[in-house]
Amino acid sequence: MNSKSYSLFLKDLKSELRTRYAINALAMFIIVAISVIMFSVGQEKISPGLTGGLFWVVIFFTAMSGLSRAFVSEEERGTTLALQLVASPTTVFSGKLIFNIILVFAMNTVIAVLYSALFNEFIIRNFLLFLTSFVFGNIGLAISSTIIAAIIAKAGAKGTLYPVLSFPILLPLILASVQLTLFAIDGISFESAKFELAIVVSYDVIMLTASYMLFDFIWKE
Amino acid sequence: MINYSLEAQQLNKSFGRRLIFNDLNFKFDKPGVFGISGPNGSGKSTLVKIIAGIISASKGKVIHLLNGKALAEENLHNHIGFVSPYLVLYEEFSTLENLKIFADVRGTEFNKDRVDYLLNKFLLFKRKDDLLKTYSSGMKQRVKFIFALMHFPQLLVLDEPTSNLDEEGKSSVYEIVKEEAKTNIVIIASNERNDLELCNEIVLLEKYKN
Amino acid sequence: MIWKIFLFLLLAFVSVAGISFPIVENPTKWYEFPLIPGLEENAKIIFFHVPTAWLTVIAFLMSTLYSFKYLRKKNLDDDLKSYASAQLGMIFCILATITGSVWAKFAWGSFWNWDPRETSIFALLLIYGAWFALRSSIESEEKRATLSAVYSMIAFVTVPFFIFIMPRIMTGLHPGSADDSNAGPVVNFKMNGNMLLIFFLSLIGFTILYFWMWRIGYKSILLKDKLDKKLIRG
Chain A
10 MNSKSYSLFL KDLKSELRTR YAINALAMFI IVAISVIMFS VGQEKISPGL
60 TGGLFWVVIF FTAMSGLSRA FVSEEERGTT LALQLVASPT TVFSGKLIFN
110 IILVFAMNTV IAVLYSALFN EFIIRNFLLF LTSFVFGNIG LAISSTIIAA
160 IIAKAGAKGT LYPVLSFPIL LPLILASVQL TLFAIDGISF ESAKFELAIV
210 VSYDVIMLTA SYMLFDFIWK E
Chain B
80 MINYSLEAQQ LNKSFGRRLI FNDLNFKFDK PGVFGISGPN GSGKSTLVKI
130 IAGIISASKG KVIHLLNGKA LAEENLHNHI GFVSPYLVLY EEFSTLENLK
180 IFADVRGTEF NKDRVDYLLN KFLLFKRKDD LLKTYSSGMK QRVKFIFALM
230 HFPQLLVLDE PTSNLDEEGK SSVYEIVKEE AKTNIVIIAS NERNDLELCN
280 EIVLLEKYKN
Chain C
224 MIWKIFLFLL LAFVSVAGIS FPIVENPTKW YEFPLIPGLE ENAKIIFFHV
274 PTAWLTVIAF LMSTLYSFKY LRKKNLDDDL KSYASAQLGM IFCILATITG
324 SVWAKFAWGS FWNWDPRETS IFALLLIYGA WFALRSSIES EEKRATLSAV
374 YSMIAFVTVP FFIFIMPRIM TGLHPGSADD SNAGPVVNFK MNGNMLLIFF
424 LSLIGFTILY FWMWRIGYKS ILLKDKLDKK LIRG
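In order, the protein sequence lines correspond to chains A, B and C. Under our numbering, the first residue of the first sequence carries the number 10, and numbering increases by one thereafter. Under our numbering, the first residue of the second sequence carries the number 80, and numbering increases by one thereafter. Under our numbering, the first residue of the third sequence carries the number 224, and numbering increases by one thereafter.
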C-alpha cells in the first residue's frame, strides 16, 4: 500500500514539475501576501507579538491559494475515473496527503525564511519550540486542507469556497499555532508550552483518523 | 484455469428520487461476451460503473467471485479493465509514462511484453513516447484499451468501445474482444449493432424501469 | 391541537412574566424577582438569551446526528431533517448572538469582547455559514447530502479543540467560566424559586417550539421537493 501511495505521489510531483500550476500560484502568493503586509506596516514599528500573528495570516492565505490543486486538478481534467480504476480510496488519499505535506513544508519554510529576513522584529528566542510547533502545525494544515480539497473538488465549486470551508476547520490549529509562535518569540520554555503542543499534536492525530474514515464517502459517489 | 464469475442481485439505482433501474438480476459465470443495451439515459453507464465498483448501488449488490471466493472491494480494481469515452488519462504524460504510472499505482508489475504487444495491436508503437495531448481522440481511445488490458484483467468492461474509432481501430477492438472472450468475461454496453452482434447474451435495460 | 394551545399559553406566560415581573431587593410576593448585584434589570434577558443559545446547540447537534445517519443509511430524508434542523440552528444562533451582544453592551460595556463563548458562537456561525455555502453550490441531491454530511462530521471533531484552546487564549466573562470569580453560576445561586421556574419553563417552551418548527420545516422542504418534480414532469 505504501509503495502505491508513493507512486501516486511521484506522479503528482512529476505532473506538478511539468505544469507548475500549484508552485507558481504559491510562490506568487507568498510574495504578494508578504509585500502587502510590508506596505501596510510602512515605517511603523510593530511589536514582535504582532509579527507572530501575521506570520500565520500569510501561511493561511498562501495555503488556500495552492493546496486545493491535489484533487481539483484531477476533477477538472476528468482523470478521477482513471484513478478510481487503479487505486483504493486509502491509496489515493495517502498519495495526495504526502504531496500536500511536501508542498506545505516547502512553502512554509520559504515563508519563514523570507519573513525573518524582512521583519527585524520577528526574533525567535526558543528555536526548538518554534521548530516543533512548525512541524506539527504544518502536518495539521496539510491534513485538513487535503480533505477539504477533496470535498471542494467533488462539489465542483473550485476556488472560491475553499478558504470559506477551510477556515473554521483550521481555526483551532491556527489559534494554537499562533499561541506557540508567540511563546517561541517570548522565549518561553518547552515545559510551559506543553498544553498547546498537546492540542496541536492531537489535532493532527484526530484529523488524520477522521479524514481516512470519511474519504471513502467523498471519493465513491 | 482461472474461474471468474459476476452476479448482480436485485440491483436498484436511483439518483435522488429518480429511479434508473430496479430489480436487475443477471449472472455471468463463464467466459464470453455479454451485452448491456438500452436507449440513451437508460442507465448503461451507471450500470457498468456499478459493476466496476466505481459507484455504489442504491439497493442490492454485485458479487465478484474469483475461483469461488468473493473479491474484496479494495482489490477489485486489479481484476477489472475499463474503457469508456468519459475515461480520461493524464495528458501531460506520454502513453508509456501513463501506463507505467498506472501499473505502479495499481501495485502490479509493468509487463513490457504485454504492453509492446498491445501497442502494436493498436498501432501506437511508434508514438508511445509522445505526450497524450498531441493525440487525436481516436488515438486516445486506443490508449485506453491498452490501459484496460495491460494487467491481464479477468473482467473487461467496455462502455461504448467503438466510439471515436475508425474502421481499422474498430477491427482491432473486435479482434481483441474475441481473443479475450476465450478466457475472460467481457461486458459491452452499447447501442451499436456491430458491437452487440458479438454478444452471447444481452441485458436490455428498458425492461427494468419499475 | 391541544398541545399547540398549551405551547402558546406557556410561551405567552413566559414572555409576559419574564419581561413584566418587577425586580425588587427583597422579594416577598410570588411574582417578584430578586435583585442580582451587577445585573439588575438586565437579568431579565436570561429568559430569552439562554434558551436561544441552548437551542442553537440542540439544533446543530441534531443536524450533525442526522448527517451521520445519512452517511450510514443513505436515506435522503435524513439529509432533509439535518438541513431543516441546521436552518433553525442558524436562526437561533443569530438570535443568541444578538441577545448576547445587547446584554454584553450593558453588562460588560461593549457589544463584542471575544470571550470564549462569544468566540464559540462565532465559530459555529462560520462553520454553518460555510456548510450552507457548500450546499448551495452542489446541484445533485445525493452529492450535496454526502458532501455536506462529511463536512459536518469534520467540523464536529474540531469542536473539542475550540473548547480546550479558547480559555488559554482569552479570558472568560460569562458566568461559569474557568476563571470566573465574581459572579458564580447565576442559575444555581442567585435566582430565587420563581425566577428559576420561569427560566426552566422558558427552556422547555422553546425546546418544544424547536421540535415543532423542525417538523414543519422538514415537511415543507419535502413538499417543495415533490412539487418541483411535478412541475418539471408536467
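Just so you know, even glycine gets a beta-carbon here, dropped at the ideal spot from N, CA and C. For clarity, every value in this text was computed on a predicted model and none was experimentally measured.
Taking one beta carbon from each stretch, the segment 119–127 of chain A and the segment 193–211 of chain B have fewer than 3 pairs nearer than 8 Å; the two do not touch. Residues of the segment 80–106 of chain A that bring their beta carbon within less than 9 Å of a beta carbon in chain C are absent altogether.
Taking a cut-off of 8 Å on C-beta distances, the segment 164–174 of chain B does not touch the segment 139–147 of chain B, as fewer than three cross pairs fall below it. The beta-carbon of G120(B) is placed no less than 8 Å from the nearest beta-carbon of chain A. Annotation: K227(C) has no Cβ neighbours in chain B at a cutoff of 7 Å; minimum Cβ distance is about 31 Å.
In the assembly as shown, F384(C) is a buried residue. Its beta-carbon has 16 or more other beta-carbons within 10 Å.
Take the alpha-carbon of S360(C) and the one of A164(A): they are about 7 Å apart. With contacts defined as CB atoms closer than 8 Å, S16(A) and V184(B) qualify as a contacting pair. Pairwise C-beta distances place the segment 241–249 of chain C out of contact with the segment 275–289 of chain C, as fewer than three of them are shorter than 8 Å. The Cβ of R185(B) sits closer than 8 Å to at least one Cβ of chain A.
The beta carbon of H230(B) sits closer than 6 Å to the beta carbons of T187 from its chain, once the five residues preceding and following it are set aside; these are given in chain order. Scanning its chain for C-beta atoms nearer than 8 Å, with the 5 sequence neighbours on each side dropped, one finds around Y374(C) the residues A353, W354 and L357, in chain order.
The residue from V173(A), F136(A), T99(A) and A126(A) with its alpha-carbon nearest to that of L349(C) is V173(A).
Taking the beta carbon of A276(C) as reference, no residue of chain A falls within 8 Å; the closest one sits roughly 19 Å away. Contact of S135(B) with chain A is assigned, a C-beta pair being separated by under 8 Å. DSSP, read as helix, strand or coil, puts V67(A) in helix. Identification of residues in the segment 288–314 of chain C having a C-beta nearer than 7 Å to some C-beta of chain B yields L299, given in sequence order. Scanning its chain for C-beta atoms nearer than 6 Å, with the 5 sequence neighbours on each side dropped, one finds around L166(B) the residues K223, in chain order. Chain-ordered, the chain B residues with CB closer than 7 Å to the CB of R27(A) read E171. DSSP places D102(B) in the uninterrupted beta strand (DSSP E) bounded by R97 to F107. Residue-level contact by beta carbon holds for E230(A) and chain C, with a gap shorter than 8 Å.
When C-beta distances to chain B are compared with 9 Å, the residues of the segment 12–23 of chain A below that value are S12, K13, S14, Y15, S16, L17, L19, K20 and K23, in chain order.
Here the C-alpha atom of L450(C) lies approximately 17 Å from the C-alpha atom of L98(B).
Annotation note: the segment 130–198 of chain A contains the following uninterrupted alpha helix (DSSP H) runs of length 4 or greater, listed N- to C-terminal: 136–164 and 170–195. For V173(A), the chain C residues whose C-beta falls within less than 7 Å of its own C-beta are A353 and A356, listed in chain order.
In this structure, the CA atom of E205(A) is about 11 Å from the CA atom of L138(A). Ranked by Cα distance from N190(B), the first of V112(B), H156(B) and I225(B) is I225(B).
For K452(C), a Cβ of chain B is located within less than 8 Å of the residue's own Cβ.
Sorting G248(B), E239(B) and K128(B) by C-alpha distance to the C-alpha of K200(B) places G248(B) at the top. Look at the beta carbons and you see the segment 107–114 of chain B not touching the segment 200–219 of chain B: under three pairs across the two are nearer than 8 Å.
DSSP, read as helix, strand or coil, puts D338(C) in coil. Beta-bridge analysis with DSSP links K138(B) to N91(B). Between G312(C) and F283(C), the gap from beta carbon to beta carbon is short of 8 Å. The beta carbon of F94(B) sits closer than 8 Å to some beta carbon of chain C. Uninterrupted beta strand (DSSP E) stretches at least 3 residues long and entirely within the segment 211–264 of chain B occur at 234–238, given in chain order. A direct Cα-to-Cα measurement between K288(B) and R96(B) gives close to 14 Å.
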